[in-house]
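Letter by letter, the sequence shown follows residues 132 to 326 of this note's numbering. Backbone N, C-alpha and C fix where the C-beta goes; we use that ideal spot for every residue, glycine too. A quick note: this is a predicted structure, and the numbers were derived from the prediction, not measured.
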Amino acid sequence: MKIKYSDFVGSFSAVEQIPKDQLPEIAFAGRSNVGKSSLINMLLTRKNIARTSNTPGKTRMLNYIRINDAFYFVDLPGFGFAKVAKAEKQRWHQLIESYMQNSSQLRAVVSLIDSRHGPMNSDIELISWVASLEIPCLVIATKTDKLNRKQFNESQQLILQKIEQFPVHGPLFSSSANGQGKKEIWQSLSTLLEL
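The structure is reproduced here in structure tokens:
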């Protein structure tokens, strides 16, 4: 897909605030520090359209990025590593839940897994929940540049084994550091968006 235009539209703390222009949406979900923002930046060939940080948990709202005036990427709050109060984590969870159950334009959820660690319980819970909502799910394993060939093969086997019971697309393997997987991810996203 050729990206002619991408623009950060805004951060929204409630589903009632999200854009109402009826464009299809692809949501990016995963643990804090899995590389969501870096992957979005890599896909859009932009440095900081999605805010990256060394401190997990910087994404705290629904962050909307409009692409080619044709669809949105929605960067969801991360879960897991972030050092924030329990009440704040609960608020993020409720926001994600409300969004996934109520956004009429949501076409797919991209579930990100850190290839170095494989699927954690929270990753499997997310994939299972998305499947129960009958929303298409694309699984992407990130940070593959940090693995050697043996580790990569082991990671691939583990991820395949853990997700094979779910009706998901993928897994695809990516690195925002070297651009691995960009073409394959866009092919899958284009199919899910039916553009």
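query, result
"N- and C-terminal bounds of the alpha helix (DSSP H) containing ARG280", "280-294"
"Rounded straight-line distance, which links the Cα of ASP276 to that of SER286", "12 Å"
"Helix, strand or coil at GLN225 according to DSSP, with G and I counted as helix", "helix"
"Contacting residues, own chain, Cβ-Cβ under 8 Å from GLY312 (five flanking each side not counted)", "ILE271, THR275, LEU303, PHE304, SER305 and SER306"
"Test item: CB-CB of PHE143 and ILE180 under 7 Å", "no"
"Under the three-state DSSP convention, the category GLU99 falls into", "Because the chain in this structure spans residues 132 to 326, residue 99 falls outside the shown range and cannot be described."
"Inter-residue Cα distance where the pair is ASN279 and THR273", "14 Å"
"PHE202 versus ILE157: straight-line alpha-carbon distance, rounded", "8 Å"
"Backbone secondary structure at THR176 - three-state DSSP", "coil"
"DSSP beta-bridge partners of ASP206", "PHE159 and ASN194"
"Segment limits, beta strand (DSSP E) that includes SER234", "First-last for SER234: undefined, no H or E at that position."
"Own chain residues within Cβ distance below 7 Å of ASN185, not counting five before or after", "Because ASN185 sits at a pLDDT of 47, beneath the cut-off of 50, its placement in the model cannot be relied upon, and the following sentence gives the value as read from the coordinates. So no residue of the chain qualifies."
"Sequence-distant residues of its chain with Cβ nearer than 6 Å to VAL240 (five each side left out)", "ALA158, ALA160, VAL261, ILE266 and CYS268"
"Counted within 10 angstroms of its Cβ, other Cβ atoms place GLY188 as buried (16 or more) or exposed", "Only weak support exists for where GLY188 lies, its pLDDT of 43 falling under 50; the value from the coordinates is given anyway. It counts as buried."
"ASN172 versus SER137 - alpha carbon distance", "10 Å"
"Outcome for LYS167 when other beta-carbon atoms lying within 10 angstroms are tallied against a minimum of 16", "buried"
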